[in-house]
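The UniProt record's numbering puts the first residue of the sequence shown at 1, with every later residue one more than the last.
Report on the structure given below.
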Amino acid sequence: MNGSVAGYIRDATPEELAELSHGVQVIDENKEFTTKLPLYLSSQGLLAAGFGYHVVSVFGSQSTGKSTLLNHLFGTDFNVMDETARQQTTKGIWLSRAKEDEKQSEFGMTRNILVMDVEGTDGRERGEDQDFERKSALFALATSEVLIVNIWEHQVGLYQGANMGLLKTVFEVNLGLFLKDQSTTHRSLLFFVIRDHIGHTPLKNLSKTLVADLTRIWSSLAKPPGLENSQITDFFDFEFTALPHKILQPEKFIAESQTLRKRFREGVSLGVEANELPEGEKEGIFLPAYHRRIPADGFPMYAENIWNQIVSNKDLDLPSQQELLAQFRCDEIAANCTAGFNEIIAPFEKHAQSGKVLEGLGPAMKQALSTALETFQEAGGRYHKGVFERKREDLRNALETRLRGLVVGQLSALSKRAVAEFTEDVTNVLKKANASDSASATYDFAKIVQESRDAVITRFKQAADECFIPGESTAWSSHDDELEMLQSDIDEIAKRLRGEEMKRLVTRLERGIKTKLTEPVELEFKRMDETLWDRIWKTWKDTVDHAVQQFDSKSRSFNSTEEETELGVWRLKKRGWAVLLARIEEEVLEGNLLLKLRESFEDKFRYDDTGVPRVWKPQDDIEGAYTRAREATLTLIPRISEFKLSTTGSAPDLTAYFGSAPANASIDDSDAPASESFEILSEARQHDITTKFRRMADGMFVEAKRGAIGGVAQ
Ligand code: GDP
Ligand code: MG
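In structure tokens form, the structure reads like this:
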């Protein structure tokens, strides 16, 4: 063919001009590319337009009003299916120049729009038609700056209904054949026109669904090397618009088509007429980025080359009748097998939402899956081997994905159950042990934990193993990770329970210390000589040391760590000290203390050195005895006032005894630092008690005096 240079084109004959008046059939029903394209362009005065032209075409299911739309938007005269006859339109791709509005050139608007209409047939399931459909769709996509994707509103979101499968193939081959050529740019606009838009669902939501579908399709494409990570947006822009129902809302349909018609004419054509948009001019739909940069006189050859590549591409070839049959039958059989599978599995899926363990899941899964696959094998195995095998894998994948969902839920439910059982088990045993024996509980914490841990993990493994499906593609049903997680969860809980148990043990031993200290401390206070605090210190230390020993051996049987034991010991000593301080506090309550002082004073004043009660006579040195007894007793007050060892003359080294606080000491209330003060009586209290004691002693002195005189008088 010729047509690369405008000058070579002969003039069209009058018959040809008449034939071309409604456009040219670029590709006919025999997949032949026309020789008349240059003639058509020249008859439209377009051959010399340079870059000053645009190509738009349409994509969509059969009889969705594509031709009608194009005619409304571009004033073309494409064949529209006759309502009454419902006859099949001829196949082929037609091209026609958009009719220009009268004032279009005056206003510098976009001109020279070439519109392509793709016609097909209604017999979509026939292989032959699919073949043409794919090839013509790809041709439209590859050559056009703007591809109008025509779709019913109710097709949005339906993969098959919306021709998404076809779009996927077309995208895939387009990417492999044309887009991978990186020497030119190939950006196109996918202009979605949603037809019969009722308005319940806003356009925004419909667009979102479409973009999501397209993105998904794109990510599932086989991509040529170098473009593996390409995004759909690297090659396409999107626009969305909606039109009302043509038959039900005819006026609205016309009005909105007109608005759309204007939009397609906004902006200025590239090339000969204007290179740049005038200031303030609206950008149109045909952006410069979409232009293929083929001068108009080269377009016929460019388009023909594209068509030839498409026709000779194997990826677009129609499958053999045998394969088509196999596809059809295998799909039917797979649907049956899935239905059988559903009967068993759907009830489990329903219950799975409760998050509980599904009893009997494992065997049911195995049965459902193997029955489905065996049935498929039996019924489908006779068909085309390649197709059968592919469909079997599809089926297996689909079913296994469903089962995977169940297994994930089941493992998580089993884990939860194991954790709950373990916690309950151990807590119960501890509760019982603690209730039956408070002071020296003899249970073996580590053993209880180990036994319960073993039991729940064995149970988990058994139930999880049931869900395991052996086979090549079933690494998904292994539960190693879940098991590992469960074990560490349980260990965490065991650690927490042990911590609580150790705290309880400390509390129990603390109580023991308190009981054991009560009498000895009272006893030591009977003798308030200079060794008072040495004796109390020793008594206390012996008691606490003993408790520490008990704690140590007990906590070892818990299997606790060094740090945990250390923390417990530290805590116990601290609490033991607090117990002692409280005990001493009781001893030195005012009443108790006065009583002690009184006893000491009386010992010296009312009894002689041999312990015989004195009967005072007037000549006795009552004043002397009184003063000696009083002074001796008064020395006790400072002694009691401060916890001080006679051996060192200072307070005991408590810090050394406690040891430094362990790093893991979480200071809760019970760990609140016990007072390490050694002051037993404050200055004020000393003063107070001294005064009170003196008054009491004075009273006794006066009484003694009176007694002495009175004794003589009698
Ligand atoms: P094509 O096969 O996609 O090109 O569809 P046609 O343009 O030939 O139209 C097919 C049928 O749909 C015709 O009977 C039209 O009258 C009808 N049709 C066209 N546009 C619309 C529309 O917007 N809504 C409805 N419901 N029908 C339409
Ligand atoms: Mg049509």
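For each residue, glycine too, the CB sits at the ideal point set by N, CA and C.
Checklist line | Closer than 7 Å: residue 336 CB and nearest the ligand MG heavy atom | finding: no
Next item on the list: Could you say which of 634, 709 and 176 lies nearest to residue 686 if we only look at CA atoms?
Entry: 634
Next item on the list: May I ask you to verify whether the region 281 to 292 touches the region 24 to 32, counting CB pairs closer than 8 Å and requiring at least 3?
Entry: no
Next item on the list: Spatial neighbours of residue 215 within its chain, please: CB distance less than 7 Å, with the 5 preceding and 5 following residues excluded, ordered by chain position.
Entry: 232
Item checked: Buried versus exposed, by CB contacts within 10 Å (16 or more), residue 13 -> exposed
Next item on the list: Would you mind listing the beta strand (DSSP E) stretches within the region 18 to 68 that are 3+ residues and don't spill past its ends, in chain order?
Entry: 24 to 27 and 54 to 60
Next item on the list: Please report the residue range of the alpha helix (DSSP H) in which residue 375 lies.
Entry: 361 to 380
Margin query: Between residue 79 and the ligand MG, is there a pair consisting of the residue's CB and a ligand heavy atom that are separated by less than 7 Å?
Written below: yes
Check: Nearest to residue 625 by CA position, among 61, 246, 603 and 134, is which residue?
Finding: 603
Check: In whole angstroms, what separates the C-alpha of residue 699 from that of residue 677?
Finding: 35 Å
Check: Can you name, in chain order, every residue of its own chain whose Cβ lies under 7 Å from the Cβ of residue 323, other than the five neighbours on each side?
Finding: If we look at residue 323 and ignore the five residues flanking it on each side, its Cβ neighbours are 384 and 387.
Margin query: I'd like to confirm something about residue 79: is its beta-carbon nearer than 7 Å to some heavy atom of the ligand NAP, or not?
Written below: With respect to the ligand NAP, the structure offers nothing, as its ligand set consists of the ligand GDP and the ligand MG.
Checklist line | Cα-Cα separation, residue 133 to residue 406 | finding: 41 Å
Next item on the list: Compute the Euclidean distance between the alpha carbons of residue 377 and residue 363, then round it to the nearest angstrom.
Entry: Distance between the alpha carbons of residue 377 and residue 363: 21 Å.
Margin query: For residue 114, report the span of its beta strand (DSSP E) as first-last.
Written below: 113 to 119
Check: Secondary structure at residue 616, three-state DSSP: helix, strand or coil?
Finding: Coil at residue 616, not helix or strand.
Note to self: I need the straight-line Cα distance from residue 594 to residue 692, nearest angstrom please.
What the structure shows: Rounded to the nearest whole angstrom, the CA to CA distance from residue 594 to residue 692 is 8 Å.
Check: Short check: CB of residue 576 to CB of residue 513, under 8 Å?
Finding: yes
Note to self: For the region 144 to 151 against the region 192 to 208, do three or more pairs of beta-carbon atoms, one drawn from each stretch, fall closer than 8 Å, so that the two count as touching?
What the structure shows: yes
Notebook entry, point to check: When the Cα of residue 303 is compared with those of 35, 419 and 416, which residue comes out closest?
Noted result: 35
Margin query: I want to know whether the region 72 to 80 touches the region 91 to 100 - three or more CB-CB distances under 8 Å.
Written below: yes
Note to self: Please state whether the Cβ-Cβ distance between residue 131 and residue 66 is less than 8 Å.
What the structure shows: Not a contact, by the Cβ cut-off of 8 Å.
Margin query: Spatial neighbours of residue 242 within its chain, please: C-beta separation below 6 Å, excluding the five flanking residues on both sides.
Written below: 194, 197 and 203
Checklist line | Residues near residue 68 by beta carbon distance below 6 Å, same chain, minus five either side | finding: 80
Checklist line | Complete runs of the beta strand (DSSP E) confined to the region 226 to 314 [at least 3 residues] | finding: 236 to 242
Next item on the list: Whole angstroms is fine: what's the gap from residue 445's alpha carbon to residue 499's?
Entry: 11 Å
Notebook entry, point to check: Whose CA, out of 219, 240 and 244, lies closest to the CA of residue 234?
Noted result: Among 219, 240 and 244, the Cα nearest to that of residue 234 is on 219.
Notebook entry, point to check: Say the cut is 7 Å; is the CB of residue 119 nearer than that to a heavy atom of the ligand MG?
Noted result: At least one heavy atom of the ligand MG sits closer than 7 Å to the Cβ of residue 119.
Check: Is it the case that the CB of residue 219 approaches a heavy atom of the ligand MG more closely than 7 Å?
Finding: no
Next item on the list: Could you tell me whether the region 529 to 544 touches the region 444 to 463, using the rule of 3 or more Cβ pairs below 8 Å?
Entry: no
Check: Is DSSP giving residue 482 helix, strand or coil here?
Finding: helix
Check: Roughly how many whole angstroms lie between the Cα atoms of residue 707 and residue 609?
Finding: 20 Å
Checklist line | In chain order, each alpha helix (DSSP H) run of at least 4 residues that lies wholly inside the region 532 to 557 | finding: The region 532 to 557 contains these whole alpha helix (DSSP H) runs: 532 to 557.
Checklist line | Distance CB(residue 168)-CB(residue 217) smaller than 8 Å | finding: yes
Note to self: Tell me the rounded alpha-carbon separation between residue 252 and residue 379.
What the structure shows: Here the C-alpha atom of residue 252 lies approximately 53 Å from the C-alpha atom of residue 379.
Check: From which residue to which residue does the beta strand (DSSP E) around residue 357 run?
Finding: Where residue 357 is concerned, there is no enclosing beta strand (DSSP E), given that its DSSP letter is neither H nor E.
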